[in-house]
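Residues 10 to 339 (the working numbering) make up the sequence shown, in order.
Just so it is clear, CB atoms sit at the ideal spot from N, CA and C, and this is done for glycine as well.
All remarks here apply to the structure that follows.
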Amino acid sequence: MRTASLLAGVAVTVLLAGCAQTATAGAGTDAADATAGAAASAYPLTIDNCGTEVTFDRAPERVVTIKSSTLELLLALGLGDRVVGTAFSDGPVPDAYADAADGLEVLSDKVPSQEVTLAAEPDLVFAGWESNLTAEGAGDRATLDKLGVDTYVAPAACKEEGYMPDPLTFDEVFGEFEQAGAIFDVPDAAAALVAKQRAALDAIEPNDDGLTALWYSSGDDQPFVGAGIGAPQMIMDAAGLENVVADVHDTWTSLSWEAVVEANPDVIVLVDAPWNTADAKIAALEANAATAALPAVQQHRYVIVDFPSTEAGVRNVDAVASIVEQLQAL
């Protein structure tokens, strides 16, 4: 079992190398143990990140973030002054972080090239997706390591067996905040962030109407929807919604419109992105002869979440609260 091997790895690393190794609280891993390990870590800190071992000799001071989830976590931890460049953001940061984000250099609207990334002189590239770290993107992890640049992927985005959360839970998300706190030597800030978000989550009363829902992210010919083990499922569970494709063992999946009609969800969760707005999705649903007949479409039973909320990060709890509030208004 991977949990046992991870715990053994921690013990060996502590005894022989004088440092603690923490890993993603993935399938079968106790998130509380992962959080505790991260909070107790000291430099050098070695982490098994998506199957790549990364050793931090000190807290990163010059960070390039890729994706909104990574930037917003650092801002939430009060680390905006360590960000030397951002890329591939999914929209504006929340109002609470706007001042901290003001003036940060945007390296690219998409994944930055290795040349652009290295020009920022980072000591760490913090990526939201594993696919951000390739030769065609910001640089593959082995090459950046040889150039003296550490890499770290948001653990919830790991795809390898034994590393991908299965399913993603709020304990995992909060554990990732704690691990970031250990990496950047701000464990108190991470603990405070977790305590605040956990309290907010505990205060939410899920909808109890027994509603089924489809999480519609994108796609015209085929809808791309939230499946049974990722952030959409985690958020819908917490909000009291039953995902009509919860039995699909993946984070996301593509459906046919015929399958959507057959599922006949009570509510449709619409992802609002600058490049594919909720309004555009509503127009498409109403223009499609099959979906136009769905009661949820005819009665405008929609709830809307912004795109950055669809990935593990600091917006997830707010997304749950917003969905519950929108459901009350339907």
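Inset, instruction - Would you mind reading off the limits of the alpha helix (DSSP H) that contains Thr-126? - result: Within the sequence shown, residue 126 is the residue found at index 117, counting from 1. Counting along the chain, the alpha helix (DSSP H) containing Thr-126 begins and ends at 123 to 128.
Inset, instruction - Determine the DSSP secondary structure at Asp-281, reduced to helix, strand or coil. - result: Here the question's residue 281 lines up with position 272 in the sequence shown. Three-state DSSP puts Asp-281 in a strand.
Inset, instruction - Excluding the 5 residues preceding and the 5 following Glu-70 in the sequence, name in chain order all residues of the same chain whose CB lies nearer than 8 Å to its CB. - result: Counting from 1 along the sequence shown, the entry for residue 70 is found at position 61. Result list for Glu-70: Arg-91 and Asp-132, in chain order.
Inset, instruction - Run the CB neighbour count on Leu-156, radius 10 Å, all protein chains shown included, and call it buried at 16 or more, exposed below. - result: Stepping through the sequence shown from its first residue, residue 156 is reached at position 147. By the 10 Å Cβ count, Leu-156 comes out exposed.
Legend entry - Backbone CA spacing between Leu-16 and Thr-143 [nearest angstrom]: Along the sequence shown, one-based indexing puts residue 16 at 7. Along the sequence shown, one-based indexing puts residue 143 at 134. The pLDDT assigned to Leu-16 is 31, lower than 50, so where the model puts this residue is not dependable; a value taken from the coordinates is nonetheless given after this. C-alpha separation (whole angstroms): 30 Å.
Inset, instruction - Using 10 angstroms around the beta-carbon of Ala-151, count the other beta-carbons present and answer buried if the total reaches 16, otherwise exposed. - result: Here residue 151 refers to the residue found at position 142 of the sequence shown. Exposed, since its Cβ has fewer than 16 Cβ neighbours within 10 Å.
Legend entry - Identified DSSP bridge partners for Tyr-161: Residue 161 sits at position 152 when you count from the first residue of the sequence shown. Bridge partners of Tyr-161: Phe-135.
Inset, instruction - Report the option in Thr-64, Glu-295, Ala-293 and Asp-57 whose CA atom is closest to the CA atom of Asp-154. - result: Translated into the one-based positions of the sequence shown, residue 154 becomes position 145. Ranking Thr-64, Glu-295, Ala-293 and Asp-57 by Cα distance to Asp-154 puts Thr-64 first.
Legend entry - Reduced DSSP category for Gly-184 - H, G, I as helix; E, B as strand; rest coil: The count along the sequence shown starts at 1 and reaches residue 184 at position 175. It is helical.
Legend entry - Helix, strand or coil at Tyr-172 according to DSSP, with G and I counted as helix: Working through the sequence shown from its first residue, we reach residue 172 at position 163. Coil.
Inset, instruction - May I ask you to verify whether the region 104 to 115 touches the region 172 to 180, counting CB pairs closer than 8 Å and requiring at least 3? - result: no
Inset, instruction - Note the first and the last residue of the continuous alpha helix (DSSP H) segment covering Val-269. - result: Residue 269 sits at position 260 when you count from the first residue of the sequence shown. Looking at the DSSP string, the run of the alpha helix (DSSP H) that includes Val-269 is 266 to 272.
Legend entry - Those residues which DSSP pairs with Tyr-225 across a bridge: The residue you call residue 225 lines up with position 216 of the sequence shown. According to DSSP, which records beta bridges pairwise, Tyr-225 is partnered with Val-234 and Leu-279.
Inset, instruction - Kindly indicate the opening and closing residues of the alpha helix (DSSP H) around Asp-288. - result: What you label residue 288 is simply residue 279 of the sequence shown in a count that begins at 1. Per DSSP, Asp-288 belongs to the alpha helix (DSSP H) from 287 to 296.
Legend entry - Candidates Glu-271, Ala-240 and Ala-247, of which the one nearest Val-253 by Cα: Here the question's residue 253 lines up with position 244 in the sequence shown. That would be Glu-271, whose Cα lies nearest to the Cα of Val-253.
Legend entry - Per-residue burial, Gly-219 [other beta carbons within 10 Å of its own, 16 or more giving buried]: As a position in the sequence shown, residue 219 is number 210, starting the count at 1. Classification for Gly-219: exposed.
Legend entry - Nearest to Leu-80 (by Cα), restricted to the options Val-115, Thr-221, Ile-277 and Thr-262: Taking the first residue of the sequence shown as 1, we reach residue 80 at position 71. Nearest option by C-alpha distance: Val-115.
Inset, instruction - Tell me, please, which residues DSSP counts as bridged to Ala-96. - result: As a first step, residue 96 must be located in the sequence shown, where it is residue number 87. According to DSSP, Ala-96 bridges with Ile-75 and Ser-117.
Inset, instruction - Please confirm whether Thr-126 and Ala-147 have their CB atoms less than 8 Å apart. - result: Counting from one through the sequence shown, the residue named residue 126 turns up at place 117. Counting from one through the sequence shown, the residue named residue 147 turns up at place 138. For Thr-126 and Ala-147, yes; Cβs fall inside 8 Å.
Legend entry - Simplified DSSP state of Asn-340, which is helix, strand or coil: Residue 340 is absent from the model: the chain starts at 10 and stops at 339.
Legend entry - Distance, Glu-185 Cα to Val-195 Cα: Within the sequence shown, numbered from 1, the residue matching residue 195 stands at position 186. Within the sequence shown, numbered from 1, the residue matching residue 185 stands at position 176. The alpha-carbon atoms of Val-195 and Glu-185 are separated by roughly 13 Å.
Legend entry - Pair within 8 Å by beta-carbon distance, Ala-236 and Asp-259: Reading the sequence shown from its first residue, position 227 is the one you call residue 236. Reading the sequence shown from its first residue, position 250 is the one you call residue 259. Contact: yes.
Inset, instruction - Pull up the distance between the alpha-carbon of Asp-246 and that of Asn-285, whole angstroms please. - result: The count along the sequence shown starts at 1 and reaches residue 246 at position 237. The count along the sequence shown starts at 1 and reaches residue 285 at position 276. For Asp-246 and Asn-285, the distance between alpha carbons rounds to 25 Å.
Inset, instruction - Using the Cα positions of Asn-297 and Thr-319, report the straight-line distance between them to the nearest angstrom. - result: For the purposes of this step, residue 297 is identified with residue 288 of the sequence shown, where counting begins at 1. For the purposes of this step, residue 319 is identified with residue 310 of the sequence shown, where counting begins at 1. Roughly 25 Å separates the two Cα atoms.
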